[in-house]
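Residue numbers (the numbering used here): 197 to 491.
Even glycine gets a Cβ: it sits at the ideal position worked out from N, Cα and C.
Written out below as structure tokens is the structure these notes cover.
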């Protein structure tokens with residue numbers, strides 16, 4: 197099964213972006229919140245159909261992905277391999293549902309393909325595969341691999357004398373992998389101000405809170421100690437995300453944006469509950485969640 201972009205999706209995305217940028221902040225926030233909730237509803241449908249998935253981490257990342265794809269990334273759904281495009285790498289590959297639903301919304305492939313999520317032979321696997329899904333820059337799944345790849349991508353842009361930027365979304369639990377800190381050391385050493393790390397700081401990982409498993413705090417100080425310019429943001433505040441993700445980089449330093457999020461965000465009985473790391477909702481729970489995401 198080959199995934200092809202939706203004809204006219206590039207113009208549609210650019211038109212939507214212009215509309216959002218020109219809108220007053222309150223109106224822009226309301227529209228982005230509505231789009232994020234629509235993406236969350238689609239993710240729920242996918243997980244119910246597949247009877248597997250990671251709803252908690254999907255929901256914590258949706259607002260970040262919405263702002264990136266609709267407002268920030270220089271991207272072209274109809275030409276996903278354009279050399280000058282910004283690169284986005286989702287290191288927390290198990291949250292593929294959120295990434296797929298966002299890519300479909302942006303027009304990288306038809307929304308109907310989401311109904312094949314995790315089906316046998318479907319390109320929409322549990323972890324994103326760059327050989328099968330347009331818009332996926334690198335295959336991710338083993339935690340701690342996304343940032344090292346992103347550092348290499350940012351170095352490549354510099355060697356190419358390209359102005360393209362690299363963004364990478366990491367889970368907070370995966371920062372317990374040492375590979376991230378080796379990559380951070382290199383990024384700062386090379387002064388990669390074309391690299392932005394966004395940490396999905398939902399404070400939960402499979403089975404427990406991050407601070408119970410292997411404490412990360414003081415997280416911001418650790419990134420600063422590695423040479424990053426560090427900023428903090430409410431990861432569900434679309435306007436704040438837009439402002440921070442669009443802000444100019446500090447010359448000669450990579451950026452780390454710690455996005456304070458909530459696993460299962462948007463649904464009251466899923467929010468900040470560790471069991472929703474990868475639990476599949478029942479029919480009644482799905483109906484309740486859909487109702488809450490439609491208000």
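Residue range 425-430 is occupied by the beta strand (DSSP E) that includes residue 427.
Around the CB of residue 388, 16 or more other CB atoms lie within 10 Å, so the residue is classed as buried.
Going by beta carbons, residue 303 and residue 208 fall inside the 8 Å limit.
Of the other Cβ atoms in all chains shown, fewer than 16 fall within 10 Å of the Cβ of residue 326; this residue is therefore exposed. Annotation: the continuous alpha helix (DSSP H) that includes residue 225 extends over 221-246. Distance check between residue 427 and each of 440, 247, 250 places 440 closest, using alpha-carbon atoms only.
For residue 313 against residue 246, the beta-carbon gap comes to about 5 Å, under 8 Å, which counts as contact. Each of 446, 199, 459, 347 was checked against the Cα of residue 382, and the nearest Cα belongs to 347. In this structure residue 379 is not in contact with residue 338, their Cβ atoms being roughly 14 Å apart against a cut-off of 8 Å.
Contact annotation: the segment 419-437 does not touch the segment 203-219, with fewer than three C-beta pairs closer than 8 Å. When beta bridges are read from the DSSP output, residue 400 appears opposite 405. For residue 251, the enclosing alpha helix (DSSP H) covers residues 251-263. The alpha carbon of residue 230 has as its nearest neighbour, out of 258, 203, 204, the alpha carbon of 258. Inter-residue distance for residue 436 and residue 260 is about 10 Å (C-alpha atoms, whole angstroms).
For residue 279, the closest alpha carbon among the candidates 270, 291, 239 is that of 270. For residue 322, no alpha helix (DSSP H) encloses it, and the DSSP letter there is neither H nor E. Residue 283 counts as buried, since at least 16 other C-beta atoms from the protein chains shown sit within 10 angstroms of its C-beta.
Within the same chain, and ignoring the five residues on either side of residue 484 in sequence, no residue has its Cβ closer than 6 Å to its Cβ.
Sequence-distant Cβ neighbours of residue 306 in its own chain, meaning closer than 6 Å and more than five residues away, are 202. In the DSSP annotation of this structure, the continuous segment of the beta strand (DSSP E) that includes residue 455 starts and ends at 451-456.
When DSSP states are grouped into helix, strand and coil, residue 392 belongs to the strand group. According to DSSP, residue 362 shares a beta bridge with 283, 391. Assignment of residue 303 by DSSP, reduced to helix, strand and coil, places it in the coil class. Contact between residue 460 and residue 255 holds, with the beta-carbon distance rounding to 5 Å and staying under 8 Å. The criterion of a C-beta distance shorter than 8 Å is not satisfied by residue 473 and residue 322.
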